[in-house]
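Undergrad: In our numbering, the protein residues as written are 450 to 566.
Structure below; questions to follow.
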Amino acid sequence: MTGDLTSAFRPYNGEKIGQPQFLEKAPFLEKIYSAKFKEAPDNYRKLNADEIAQINENHLVSPYFPQQEKGIRSSCALPYELYVNGDFQKDRFSINFNAANKAFGKKAAGSPSLFMP
Numbered sequence: 450m451t452g453d454l455t456s457a458f459r460p461y462n463g464e465k466i467g468q469p470q471f472l473e474k475a476p477f478l479e480k481i482y483s484a485k486f487k488e489a490p491d492n493y494r495k496l497n498a499d500e501i502a503q504i505n506e507n508h509l510v511s512p513y514f515p516q517q518e519k520g521i522r523s524s525c526a527l528p529y530e531l532y533v534n535g536d537f538q539k540d541r542f543s544i545n546f547n548a549a550n551k552a553f554g555k556k557a558a559g560s561p562s563l564f565m566p
């Protein structure tokens, strides 16, 4: 029932922005309350060896492999230029993260990072 805030981060170009419409409280609360009576999903099952083999052969045609929802959602373009490279040597896998500014120049945005030695 809430938005994803993409409109809050769009560039402002001087256009008139109207007041947001208030939410109808009663129907919203009813929907929240009725959610507790919904049955929990219970149609899970373990995949058999043939289904796992089908995923491993070609996951694109397997009905058992998770897929992204269809359609396009609007989003704000962000000037990220992030790169990730992995390398496996002997018994060690290393990952290298980099940010660059070749595509966006001074407008390039970095990203938060977590240093893990």
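Glycine included, every Cβ here is placed at the ideal spot set by N, Cα and C.
Bear in mind that the values here come from a model prediction, so they are computed numbers and not experimental data.
So does the segment 490 to 503 actually touch the segment 516 to 527, counting three or more Cβ pairs closer than 8 Å?
TA: Counting Cβ pairs under 8 Å, fewer than three are found: no touch.
Undergrad: Which partner residues does Ile572 have in the DSSP bridge list?
TA: The requested residue 572 is not part of the displayed model; the chain covers only 450 to 566.
Undergrad: Can you give the Cα-Cα distance for Ala558 and Glu530, rounded to whole angstroms?
TA: Their backbone Cα atoms lie some 8 Å apart in a straight line.
Undergrad: Whose C-alpha, out of Asp540, Ser524 and Asn545, is nearest the C-alpha of Tyr532?
TA: Selected option, being the one with the closest Cα: Asn545.
Undergrad: Go through its chain and collect everything with a Cβ distance to Arg459's Cβ below 8 Å, but skip five positions before and after it.
TA: Once the five neighbours on either side are set aside, the close Cβ partners of Arg459 are Cys525.
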